[in-house]
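Accompanying notes for the structure given below.
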Amino acid sequence: MQTQFSKQQLKDEDNRSSEKIFRKCVHCGFCNATCPTYNLLGNELDGPRGRIYLIKDMIENNKPASEKVVKHIDRCLSCYSCMTTCPSGVNYMHLIDHGRMHIEKTFKRPLGDRFIRNFLSQIMPYPFRFRIIGILTLFIKPFNFIFPKKLREMIKLMPVNFPKKNLPKMKTYPAEKRKKPVARVALLTGCVQQVISPQINEATIRLLNRHGIEVVVPKGINCCGSLNHHLGKSDLAKQTFKKNILIWYDEYLKNGLDAIISNTSGCGTTLKDYGFIFRSNYDLKKKSKKISELTKDISEYLDENVKLNFIKNKENKKEYKIAYHSACSMQHGQKIHDIPINLIKKTGNKVFDIPEGHLCCGSAGTYNLLQNDIAGKLLKNKIINIDKINPEFITTGNIGCITQIANGTKIPILHTVEVIDWYTGGPKPKILGNL
Ligand code: SF4
Ligand code: SF4
């Protein structure tokens, strides 16, 4: 794609990076074939190629975002399926991030939209605030009908359970039965996940401790920052990124860290991009690069570093038929697909890929809250494809997908790490009941 950025425009580092990406695009449109929104809506502007044109036009011509551009960019899931398909290596993720930042700076959204986006930005990254709002929502749910449609859908999606945590809150979870751990890792406990599904972090910690690995959860880190990043609120996101980088880097220097573990693939994708985000920041360049290098999805870390000790007992001797849902941020964002499947296969169960598994379930961070019509259609398609397998349970590596898919089916869905924990001596996940 030809570009005509002026020398002045190219002094800006975001423009410089985006210009290089635009130039890689050869307009072939292969990406449209695997784009969930293009497949659903059939409009060129709701596919990656069309969106790339819209972003280029805004940025190259210094135009404020128009209502039309915002509509089509907002409909993008940031699922990155287009990046997997693109033969030219176009980094769409960095373009859409740039586009969203430009929209946030140049477009005044209607009052209702602004309220909802600011609300999400001020609530979801903070576990305590999210828990309070979640509990309040339980009282509002019966009177849901009085609210406008968008708010009604959001309230419907709020969790109804806030399970109790079983592990005490500590900075360090020591390795079991050894004086010196075989490795020391930091765990990103996340924001929403630790409130609605604390068992995922607990399974991760137990599993790592049991295999001789010390786990640290440094104080002050909850959210990875991607929620605000994807809302285009780059200043807020960067504050979180910076805080996380400094805390982890300090821990790395003072006590040593072999890895930073993410058990939510959406967050892992962003952590692995910290190095790019601060590529020109004198103070953070080296530190952010190190944090990105240290970041591993839990499945990736287990596969590369841990000899898992699988145990058969009366609780887990049955052979299950499991559907593996490959979260977009896992397969397209981090390019991890086979690793979790092979790990689950080691438990002796039958694991099946979901047909059309490259297509998003509609979760996509806050997407199911902000674009519930499209998200609902994607969920419906996902459930139809899951039903083709007829699994006893579903497993995946991203809390957003777990919540979204659970809204569309009665088939239990749990995190992959819970399955691995169970088959290596941990408790049977509660959600499986007597299954
Ligand atoms: S990120 Fe997903 S929704 Fe957005 S353009 Fe790419 S494939 Fe389509
Ligand atoms: S597949 Fe890649 S090169 Fe082709 S139009 Fe899409 S982004 Fe451009």
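Heads up: the sequence shown begins at 108 in this note's numbering, then just goes up one per residue. Note that beta-carbon positions come from the ideal geometry of N, C-alpha and C, so glycine has one too. Here the structure is a predicted model, which is why all the values come from computation and not from measurement.
#1: Applying the criterion that 16 or more other CB atoms from any shown protein chain within 10 Å of the CB defines a buried residue, is Glu400 buried or exposed?
#2: In angstroms with no decimal places, state the Cα-to-Cα distance between Lys550 and Cys186.
#3: Is Ser470 near ligand 1, judged by its Cβ being under 6 Å from some heavy atom?
#4: Return yes when the Cβ of Leu364 is within less than 7 Å of the Cβ of Thr531, no when it is not.
#5: With a cut-off of 8 Å on the beta carbons, I'd call Thr454 and Val526 a contact; round off their distance for me.
#6: Gly149 and Arg597 - do their beta-carbons sit closer together than 7 Å?
#7: Touch check for the region 241-260 and the region 188-200: three-plus C-beta pairs under 8 Å?
#8: Under DSSP, the alpha helix (DSSP H) around Asp342 begins and ends at which residues?
#9: Are the Cβ atoms of Cys179 and Asp153 separated by less than 7 Å?
#10: Output the residue ranges of the beta strand (DSSP E) runs that lie fully inside the region 293-331 and measure 3 residues or longer, sorted by chain position.
#11: Is Asn124 near ligand 1, going by C-beta to nearest heavy atom under 6 Å?
#12: Am I right that Asp404 and Gln441 are in contact with their C-beta atoms under 8 Å? What's the rounded C-beta distance?
#13: Provide the residue span of the alpha helix (DSSP H) that contains Tyr408, from first to last.
#14: Might you give, ordered along the chain, the residues of its own chain that have their beta carbon closer than 7 Å to the beta carbon of Cys142, omitting 5 neighbours on each side?
#15: Under 6 Å Cβ to Cβ from Glu151, same chain only, skipping five residues before and after it: list those, please.
#16: Buried or exposed for Thr144, going by 16 or more other Cβ atoms inside 10 Å?
#17: Applying the 10 Å Cβ sphere with the 16-neighbour rule, what's the burial state of Cys331?
#18: Count the CB pairs spanning the region 165-177 and the region 206-221 that are closer than 8 Å, and state whether there are at least three.
#19: CB of His465 to nearest heavy atom of ligand 3: below 6 Å?
#20: Do you know how far the Cα of His432 is from the Cα of Ile496?
#21: Based on Cα-Cα distance, which residue from Lys397, Ala430, Lys127, Ser228 lies nearest to Ile493?
#22: Distance check for Pro232 and Arg259, CA to CA, integer angstroms please.
#23: Counting pairs of Cβ atoms below 8 Å between the region 346-354 and the region 320-330, do you hit three or more?
Straight from the coordinates:
#1: In the sequence shown, the residue the question calls residue 400 occupies position 293. The residue in question, Glu400, is exposed, as its Cβ has fewer than 16 Cβ neighbours within 10 Å.
#2: The requested residue 550 is not part of the displayed model; the chain covers only 108 to 542.
#3: Within the sequence shown, numbered from 1, the residue matching residue 470 stands at position 363. For Ser470, the shortest C-beta to heavy atom distance toward ligand 1 is 6 Å or greater.
#4: In the sequence shown, the residue the question calls residue 531 occupies position 424. In the sequence shown, the residue the question calls residue 364 occupies position 257. Not a contact, by the Cβ cut-off of 7 Å.
#5: Locating residue 454 in the sequence shown gives position 347, where the first residue counts as 1. Locating residue 526 in the sequence shown gives position 419, where the first residue counts as 1. Contact holds; Cβ gap of about 6 Å.
#6: Outside the modelled stretch of the chain, which goes from 108 to 542, sits residue 597, for which no answer is possible.
#7: Touching, no.
#8: The residue labelled residue 342 in the question sits at position 235 within the sequence shown. Here the alpha helix (DSSP H) through Asp342 covers 341-362.
#9: If you number the sequence shown from 1, residue 179 lands on position 72. If you number the sequence shown from 1, residue 153 lands on position 46. Note that residue 179 corresponds to His in the displayed sequence, not to Cys. For His179 and Asp153, yes; Cβs fall inside 7 Å.
#10: 320-323
#11: As a first step, residue 124 is located in the sequence shown; it is residue number 17 there, counting from the start. Residue 124 is actually Ser in this sequence, not Asn. Flag unset: Cβ of Ser124 not near ligand 1.
#12: Within the sequence shown, numbered from 1, the residue matching residue 404 stands at position 297. Within the sequence shown, numbered from 1, the residue matching residue 441 stands at position 334. The Cβ separation is near 6 Å, so the contact holds.
#13: As a first step, residue 408 must be located in the sequence shown, where it is residue number 301. Start and end: 405-412.
#14: Your numbering for residue 142 matches position 35 in the sequence shown. Around Cys142: Gly154, Pro155, Ser188, Cys189.
#15: In the sequence shown, counting from the first residue as 1, residue 151 sits at position 44. Once the five neighbours on either side are set aside, the close Cβ partners of Glu151 are Gly157.
#16: Reading the sequence shown from its first residue, position 37 is the one you call residue 144. Buried, since its Cβ has 16 or more Cβ neighbours within 10 Å.
#17: Numbered from 1 along the sequence shown, position 224 holds the residue referred to as residue 331. Buried, since its Cβ has 16 or more Cβ neighbours within 10 Å.
#18: For the pair of segments examined, the region 165-177 was found to touch the region 206-221: the number of CB pairs separated by less than 8 Å reaches three.
#19: Judged by which ligands are present, ligand 3 is missing from the structure shown, whose ligands are ligand 1 and ligand 2.
#20: Position 389 of the sequence shown, counting from 1, holds the residue named residue 496. Position 325 of the sequence shown, counting from 1, holds the residue named residue 432. Spanning the two alpha carbons is a distance of roughly 12 Å.
#21: Here residue 493 corresponds to residue number 386 of the sequence shown, with the count starting at 1. It is Ala430.
#22: Looking up residue 259 in the sequence shown gives position 152. Looking up residue 232 in the sequence shown gives position 125. Going from the Cα of Arg259 to the Cα of Pro232 covers about 21 Å.
#23: Segment contact: the region 346-354 against the region 320-330, three or more CB-CB distances shorter than 8 Å; contact assigned.
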